[in-house]
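Take 265 as the starting number for the sequence shown in the numbering used here and just add one per residue. Ideal placement from N, C-alpha and C gives every residue a C-beta, glycine not left out.
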Amino acid sequence: MDLDWPGCRNVRDVGGLPTADGRVVKAGVLIRSDSLQYLTANGVEAVRRSGVRRILDLRGDGEVAAFPTPFTGTPLAVRQSLQDPADPEHGQPTIVEACIWMLDQRPELFAAAVRAIADEPDGAVVVHCHGGKDRTGMVVALALSVAGVPEDEIVADYYLTQSRLAGWLEEQLADEPDASKHPEMIEFRDTRAESIVAILRHLDTRYGGPEAYLRHGGLTENDLSKLKARLVG
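Here it is in structure tokens:
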């Protein structure tokens, strides 16, 4: 369900997604968004009215320092970068390879992000990065997988970002006069359904699936049970 948070282009509650056992993800529990740095004053008030109890910021230190959100440094905000400051640049030619590199490089950080969703006892957790597509998309996909949401529903949710950010991509391309840079810009700003499918296949092949990957990163059975209970009751 799309939410109206003025200033954000890509914010939605994943509540209502079905699970394989016939239940649904609860509304008002997990919200995914682009960076809250873009919120207007009305947008900030909309967040406060949404029952948000935790804002999980997946951006790195440099991004947060350069572009703080209205909630940075407040009790609501929880920082959980998915890369260590000592990590090199990914250097990958495609968005899928870049995402897989991140997952393989720091499973413990992805597990910590998912644990931060499970550990909030009440209200909604907002997960955001910059565009709310790659880092946010992977963390939300991992959480939804644990909750038992079928892959086709996870893929459909991921793909919604494509239309939500299409206008932003057009603006960025229009602002870049060097057309030779456009293919790379499109590659790293696109949200094709096949991208998350390829990422999930990698998790299956290398780790045995999303849950096994999160266990590899340090999540316990108790963590996984708490997440399932939080998302689907």
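Does DSSP classify residue i as helix, strand or coil?
| i | result |
| --- | --- |
| His392 | strand |
| Pro371 | helix |
| Pro474 | helix |
| Asp268 | coil |
| Arg312 | helix |
| Pro282 | strand |
| Val288 | strand |
| Leu294 | strand |
| Val275 | coil |
| Ala382 | helix |
| Leu483 | coil |
| Val340 | Strictly speaking, residue 340 in this sequence is Leu, with Val absent from that position. Three-state result, Leu340: coil. |
| Asp321 | strand |
| His354 | coil |
| Asp348 | coil |
| Leu303 | coil |
| Thr469 | helix |
| Gly326 | helix |
Would you grab the beta carbon distance between residue i and residue j for me? Rounded to a whole angstrom, and I think it's under 8 Å.
| i | j | result |
| --- | --- | --- |
| Ala407 | Leu281 | No, Ala407 and Leu281 are not in contact; Cβ-Cβ is about 11 Å, not under 8 Å. |
| Pro349 | Asp325 | 6 Å |
| Val419 | Val289 | Actually they do not touch by this definition, with Cβ atoms about 15 Å apart. |
| Thr425 | Leu322 | Their Cβ separation, rounded to whole angstroms, is 15 Å, which puts Thr425 and Leu322 out of contact at 8 Å. |
| Gly286 | Phe374 | Contact flag wrong, Cβ pair sits at about 28 Å. |
| Glu451 | Ile359 | 6 Å |
| Gln356 | Ala377 | Actually they are not in contact, since the Cβ atoms of Gln356 and Ala377 sit about 20 Å apart, beyond 8 Å. |
| Asp334 | Val308 | Position check: residue 334 holds Pro in this sequence, whereas Asp was assumed. With a Cβ gap of about 5 Å, Pro334 and Val308 count as contacting. |
Taking Cβ to Cβ, would you say residue i is nearer than 9 Å to residue j?
| i | j | result |
| --- | --- | --- |
| Leu320 | Gly271 | no |
| Thr455 | Lys397 | yes |
| Pro414 | Ala493 | no |
| Gly473 | Leu429 | no |
| Asp421 | Val404 | yes |
| Ala462 | Ile364 | yes |
| Arg379 | Asp468 | no |
| Met449 | Leu437 | yes |
| Cys393 | Ser299 | yes |
| Ser297 | Arg312 | no |
| Arg318 | Leu346 | no |
| Arg273 | Gly412 | no |
| Trp269 | Ala310 | yes |
| Leu478 | Arg453 | no |
Requested in this report: Quick one: which unbroken alpha helix (DSSP H) runs of 4-plus residues sit fully inside the segment 396–461? Chain order, please.
Outcome: 399–411, 415–428, 430–439 and 446–453
Query - the segment 337–347 / the segment 434–443 touching (three or more Cβ pairs under 8 Å) - result: no
Query raised in the report: Is it true that the segment 291–309 meets the segment 381–401, where meeting means three or more beta-carbon pairs spaced less than 8 Å apart?
Result: At 8 Å Cβ cutoff, the stretches touch.
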